[in-house]
Amino acid sequence: MKKKYVVFITAFLCFAIVSCKKDNNEQPPQIKAEVYTAAGDSTGISGKLADFRTLLGTTLNVAPGAVDGRREVNWDAVPPSSTNVNGFPADFFGQSDAALPNGRKRGLIMNNTGTSFRVDSTDFTDIDASYGSEFNRFSPKKLFVYLGNTVTECTFKVPGTATDAFVKGFGVIFNDVDVANSTSLEFFNGNKSLGIYYAKTSPSGQFSLLGVSFPEEKITKVKITSGNGLLAAGVKDITAGGAKDLVVMDDFLYNEPKAQQ
């Protein structure tokens, strides 16, 4: 009889230890997030976009020195010399040089190699003529893409300075998301992932808004995955008979970056 009790107790203890290990080490912590998603034409996403802008901050800041409000990048202010060519500077909107215009001091830094960034005013028809019927601009006149791979990483500076910063919310308006779960944002506070959030699919050539805010966390980095294929000559979107979902980006939105503590 003693043997049976020993076996039972041993088995129970083993089960308890395994259960505790699973609860403590394998279950991610619950992170509060406010998620804004919408898909459709410009009218179809306008309501959610307005709500997300209000959450980020009603004032659109256009100069350094703000403490509240929000920032936006729609690529339209990029000069002709940096448009329709590869090599858009990764720190174009993260400048701290006092001699540069305030429009370039928005605290946004791209962390991939800048040789494959591209701001385009032709719907990327300079790359492949078929893209003219695939992509549309939410805020005319320009779109943005990274041609090196489908992942773009962003970090933040206090606008007009070289000081590392964080934001509480960040969003992107994607164009032509055809495949579910091909397009996402992953947020980080330091090395800690705050989760991966997916953009909705949209009718061909239309828009997908994805914005996320974290009331109790700081966002120090955003990993943007746009589609599952790269724009290139001869490469067609899945809706045009190709094998990949080609996705490009328009507006970036985020609240005023603040210095990391």
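Read in order, the letters of the sequence shown are residues 75 to 335 in the numbering used here.
Ideal placement from N, C-alpha and C gives every residue a C-beta, glycine not left out.
C-alpha of residue 223 to C-alpha of residue 214: approximately 25 Å in a straight line.
Here residue 311 is bridged, per DSSP, to 318. Put simply, the backbone Cα of residue 221 is about 6 Å away from that of residue 191. Within 10 angstroms of the beta-carbon of residue 171 lie fewer than 16 other beta-carbons, which makes it exposed.
Excluding sequence positions up to five before and after residue 179, its CB lies within less than 6 Å of the CB of 138, 169, 233, 234, all in the same chain and listed in chain order. Listed in chain order, the beta strand (DSSP E) elements of length 3 or more contained wholly in the segment 106-176 are 108-114, 144-147. Fewer than three pairs of CB atoms, one per stretch, sit closer than 8 Å, so the segment 142-150 makes no contact with the segment 292-304.
Cβ neighbours of residue 173 within its own chain (closer than 8 Å, five residues either side excluded): none. In this structure, residue 308 keeps its C-beta atom at 8 Å or more from the C-beta atom of residue 320. In this structure, residue 230 sits near residue 331, with a CB-CB distance shorter than 8 Å. Spanning the alpha carbons of residue 195 and residue 126 requires a straight line of approximately 26 Å.
Counting along the chain, residue 190 sits inside no beta strand (DSSP E), nor does DSSP assign it H or E at all. In this structure residue 248 does not touch residue 119 by the C-beta definition: roughly 10 Å separates them, more than the 8 Å allowed. About 4 Å separates the beta carbons of residue 131 and residue 143, which is inside the 8 Å limit, making them a contact pair. Look at residue 206 here: in three-state DSSP terms it is helix. Secondary structure note for residue 293: it is in no beta strand (DSSP E), with a DSSP letter that is neither H nor E. Of the candidates 219, 153, 164, the residue whose Cα lies closest to the Cα of residue 198 is 219. For residue 267, the enclosing beta strand (DSSP E) covers residues 266-272.
Burial is judged here by how many other beta carbons sit within 10 angstroms of a residue's own beta carbon; residue 134 has fewer than 16 and is exposed.
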